[in-house]
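Here is the structure we will look at.
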Amino acid sequence: MLRCIECGRFYRGDEVVYRCECGGLLEVIVDLSRVDDVFDGKDVRLWKYERFLPVRKKVSLEEGGTPLYRLKNIFPSLRVFLKNEGANPTGSFKDRGMTVGVSKALELGMDKVLCASTGNTAASLAAYSARAGMKCYILIPGGKVALGKLSQALIHGAKVIPVKGNFDVALKLVMELSSDLRVYVLNSINPFRLEGQKTLAFEIYDQLGEVPDNVVLPVGNAGNISAIWKGFKELAMAGITKKLPRMVGIQAEGASPLVRMLKEGGEFRPCSNPETVATAIRIGNPVNWSKAVRAIRESKGLLESVSDGEILRAQYRLASKEGIFVEPASAASLAGFIKLKDLHLVDGTTVLVATGHGLKDPNVVLDRFSLPNPVDPDVESMKERILNH
Ligand code: F0G
Numbered sequence: 001m002l003r004c005i006e007c008g009r010f011y012r013g014d015e016v017v018y019r020c021e022c023g024g025l026l027e028v029i030v031d032l033s034r035v036d037d038v039f040d041g042k043d044v045r046l047w048k049y050e051r052f053l054p055v056r057k058k059v060s061l062e063e064g065g066t067p068l069y070r071l072k073n074i075f076p077s078l079r080v081f082l083k084n085e086g087a088n089p090t091g092s093f094k095d096r097g098m099t100v101g102v103s104k105a106l107e108l109g110m111d112k113v114l115c116a117s118t119g120n121t122a123a124s125l126a127a128y129s130a131r132a133g134m135k136c137y138i139l140i141p142g143g144k145v146a147l148g149k150l151s152q153a154l155i156h157g158a159k160v161i162p163v164k165g166n167f168d169v170a171l172k173l174v175m176e177l178s179s180d181l182r183v184y185v186l187n188s189i190n191p192f193r194l195e196g197q198k199t200l201a202f203e204i205y206d207q208l209g210e211v212p213d214n215v216v217l218p219v220g221n222a223g224n225i226s227a228i229w230k231g232f233k234e235l236a237m238a239g240i241t242k243k244l245p246r247m248v249g250i251q252a253e254g255a256s257p258l259v260r261m262l263k264e265g266g267e268f269r270p271c272s273n274p275e276t277v278a279t280a281i282r283i284g285n286p287v288n289w290s291k292a293v294r295a296i297r298e299s300k301g302l303l304e305s306v307s308d309g310e311i312l313r314a315q316y317r318l319a320s321k322e323g324i325f326v327e328p329a330s331a332a333s334l335a336g337f338i339k340l341k342d343l344h345l346v347d348g349t350t351v352l353v354a355t356g357h358g359l360k361d362p363n364v365v366l367d368r369f370s371l372p373n374p375v376d377p378d379v380e381s382m383k384e385r386i387l388n389h
C-alpha cells in the first residue's frame, strides 16, 4: 500500500504510480506487526531485513552488509564511524534501492526500466536490470558524469543517452516519457526504491548495537536522507528501539537549494545552475525535497553546505589517514561533520555515510596529483629520488 505524504490518499501497491493526484510524494506503508527483532549484530546484509520490505527477493547481487569503521586516526577521542557504502556490488548505496526496485519491477511484470542519473543510479540500475534480463534506458547530463560510473552503465548493456542539460532536465524528461513508453522509472521518486535504501538504518543499528546520535550524509535528489529516516522511524514504531538519531544532510555549496530554504525560510526554490566537483550531487531541484525537509524537522536535524575545497580536503584526509577512498560527494559527509563540530552543533556518537567508492571518479584525483618523470633504472638514481622526495 502507498500513501501520499501530503493529502494522505492511498494507492494500491500493484499500481504503477509515482506521485499522488495532488502532486504529493508517495511512501510505502509497511505492516510492522509482521517484523521481527533480527538485530543481533550477526550476518548483516540487506535481505536479512526482508520482513520490513514490501517485496520478495527476486533480483540480488548480495548487497548491503557494508563495513562500519571507527575513524580512529582522524578522531581518536570521538565516537565517529563511517559506513562505507562503496563496498556494495556496484560501488554505491544505490544497490540497496535497486535490489528492491528491480524486484518490484519484475513483480509488476515490467520488462523495461528507465532513470535519469548523475552516474551511480545509472551504474546500479544497469547492473540489476542486466541480472533481471530487462532492457535499461539511462538519461545522463551531457559531459558531467564520472568515468567509472559511465563505463559501468555501458558495460552492463544499458542504452545510455546524454541530454543537453543537467540532471534536473534529464529527470523531468524521464517523468514525461514514463507513461508513453511503458517503462518502470527507478529514480528515487519511486517509493519502492527508497524501501531498499532504508535498510541502511537497520544495518547501522545492527552493527553499532545502538542508534547513533547523528547520521550525516550527502544530499542530492534527497531520497537517501528520507529513506534512512523512514528506516529509523520504523525501528521505533516496531518497538525495537526507542531512540531516534538527528539526520544531518550536507549539500555542496554550488548546489544547495535545501540549505538555503532552511536557513532563509520561505518557499522551496530550486537552484537553476548547480555546479560542484561532487558531480553525484550536482542537483538543483531535488525531487524528494519535501520528504527531506520532513526528515530534518522531525529528527531536529541539520542541513549544511560545504565548499568544493572542503570536500576535496576531506576526501584526501579519509584516504590518507584511514585508508578509505570515497568519491567527492561522499566526502561531503566528513567535510560537513568537521564544519558542524567546529561550530559545536553536533556531538555524541556519529555515523558518516560514505555513499560511493572513490574509483568511480578517478579524474578528480588525477587532476590534483602529477607523477614525476621516470627515473633511470639504477639503484643510485632511485635512492636519490626516494630520499629527496
Ligand atoms: N552520494 C552519491 C555518491 C550519489 O551518487 C548520490 C546521488 C548522492 C550521494 C545523493 O543521494 O540523491 O538520495 O540525495 N546520486 C544520484 C544518481 C542522483 O543519479 O546517481 P540522494
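Anchor point for the sequence shown: position 40 equals 40 in the working numbering, and the numbering is continuous, going up by one each time.
All C-beta atoms, glycine included, are put in the ideal place defined by N, C-alpha and C.
Please check the pair residue i and residue j, which I expect to be a contact at CB under 8 Å, by giving their CB distance rounded to whole angstroms.
{"i": "Y137", "j": "L171", "result": "Not a contact, Cβ separation roughly 13 Å."}
{"i": "A158", "j": "A122", "result": "7 Å"}
{"i": "E195", "j": "P54", "result": "6 Å"}
{"i": "P245", "j": "S330", "result": "Their Cβ separation, rounded to whole angstroms, is 19 Å, which puts P245 and S330 out of contact at 8 Å."}
{"i": "P362", "j": "G148", "result": "6 Å"}
{"i": "K198", "j": "K243", "result": "17 Å between Cβ atoms; not a contact."}
{"i": "N221", "j": "N288", "result": "6 Å"}
{"i": "D308", "j": "A252", "result": "7 Å"}
{"i": "V80", "j": "Y128", "result": "The pair is not a contact, with the Cβ atoms about 32 Å apart (cut-off 8 Å)."}
Within its chain, find whatever has a CB closer than 8 Å to the CB of residue i; leave out the 5 residues flanking it on each side and keep chain order.
{"i": "H26", "result": "The sequence given here has Leu at residue 26, not His. Cβ neighbours of L26 beyond the five flanking positions: L2, R3, C4, I5, Y11, V17, Y18, R19, C20 and P191."}
{"i": "S290", "result": "I5, E6, G24, L25 and F268"}
{"i": "N73", "result": "K321 and E322"}
{"i": "K383", "result": "none"}
{"i": "V169", "result": "P141 and V163"}
{"i": "L108", "result": "D14, V16 and Y184"}
Might you give, ordered along the chain, the residues of its own chain that have their beta carbon closer than 7 Å to the beta carbon of residue i, omitting 5 neighbours on each side?
{"i": "G41", "result": "D206, Q207 and G209"}
{"i": "V174", "result": "L114, C115, A116, L139, V185 and N187"}
{"i": "I225", "result": "L217, V219, M247, G249, A292 and A295"}
{"i": "P274", "result": "N166, G254, A255, R282, I283 and G284"}
{"i": "S333", "result": "V216, L217, P218, I250, L352, V353 and A354"}
{"i": "A236", "result": "K242 and L244"}
{"i": "V346", "result": "N214, V248, F337 and L340"}
{"i": "I240", "result": "D37 and F39"}
{"i": "V364", "result": "V277 and P328"}
Select from the options the residue whose C-alpha is nearest the C-alpha of residue i.
{"i": "W47", "options": "G97, V80 and L302", "result": "G97"}
{"i": "L262", "options": "M237, I240 and L302", "result": "L302"}
{"i": "L181", "options": "L340, M110 and F75", "result": "M110"}
{"i": "V351", "options": "E234, P212, E253 and P374", "result": "P212"}
{"i": "C22", "options": "L61, C7, G231 and L345", "result": "C7"}
{"i": "E327", "options": "L359, G309 and L343", "result": "L359"}
{"i": "V30", "options": "D43, R45, Y49 and V44", "result": "Y49"}
{"i": "R131", "options": "I155, G148, G142 and K149", "result": "I155"}
{"i": "G143", "options": "P162, G91, R368 and N214", "result": "P162"}
{"i": "V44", "options": "G65, R51, V59 and L108", "result": "G65"}
{"i": "T349", "options": "V28, F75, K58 and V183", "result": "F75"}
{"i": "R193", "options": "A227, N214, V183 and S179", "result": "A227"}
{"i": "K135", "options": "N120, L387, T118 and V160", "result": "V160"}
{"i": "L71", "options": "S179, R317 and E15", "result": "R317"}
{"i": "G133", "options": "K57, K112, A153 and R9", "result": "K112"}
{"i": "G265", "options": "E234, T276 and R297", "result": "R297"}
{"i": "R406", "options": "V100, V379, L78 and F93", "result": "Residue 406 is absent from the model: the chain starts at 1 and stops at 389."}
{"i": "P286", "options": "R56, V28 and T118", "result": "T118"}
{"i": "F93", "options": "R56, G223 and V28", "result": "G223"}
{"i": "V28", "options": "N120, H344, S77 and E234", "result": "E234"}
Got a sec? Which residues, its chain only, sit under 6 Å from residue i by beta carbon, not counting five neighbours each side?
{"i": "A319", "result": "F325"}
{"i": "A238", "result": "L32 and V35"}
{"i": "D95", "result": "E63, N88, P89 and S124"}
{"i": "S256", "result": "S305"}
{"i": "Y69", "result": "L82"}
{"i": "R385", "result": "V375"}
{"i": "S151", "result": "none"}
{"i": "V259", "result": "Q251, L303 and S305"}
{"i": "A126", "result": "C136, A153, H156 and A158"}
{"i": "R472", "result": "With the chain represented from 1 up to 389, any question about residue 472 goes unanswered, as that position is not in the structure."}
Answer yes if the segment 273-283 comes into contact with the segment 355-374, meaning at least three C-beta pairs across the two stretches below 8 Å, and no otherwise.
Yes, since at least three Cβ pairs between the segment 355-374 and the segment 273-283 fall closer than 8 Å, the two stretches touch.
Does the segment 296-316 come within contact of the segment 97-117, defined as at least 3 CB pairs closer than 8 Å?
A contact between stretches requires three or more CB pairs, one per stretch, nearer than 8 Å, and the segment 296-316 fails this requirement with the segment 97-117.
Quick one: any contact between the segment 196-204 and the segment 261-277, if contact means 3 or more CB pairs under 8 Å?
Contact between the segment 196-204 and the segment 261-277 is absent, because fewer than three Cβ pairs lie under 8 Å.
Below 8 Å, can you find three or more Cβ-Cβ pairs linking the segment 76-88 to the segment 31-38?
Counting C-beta pairs with one atom in each stretch, the segment 76-88 and the segment 31-38 have fewer than three that are closer than 8 Å, which means they do not touch.
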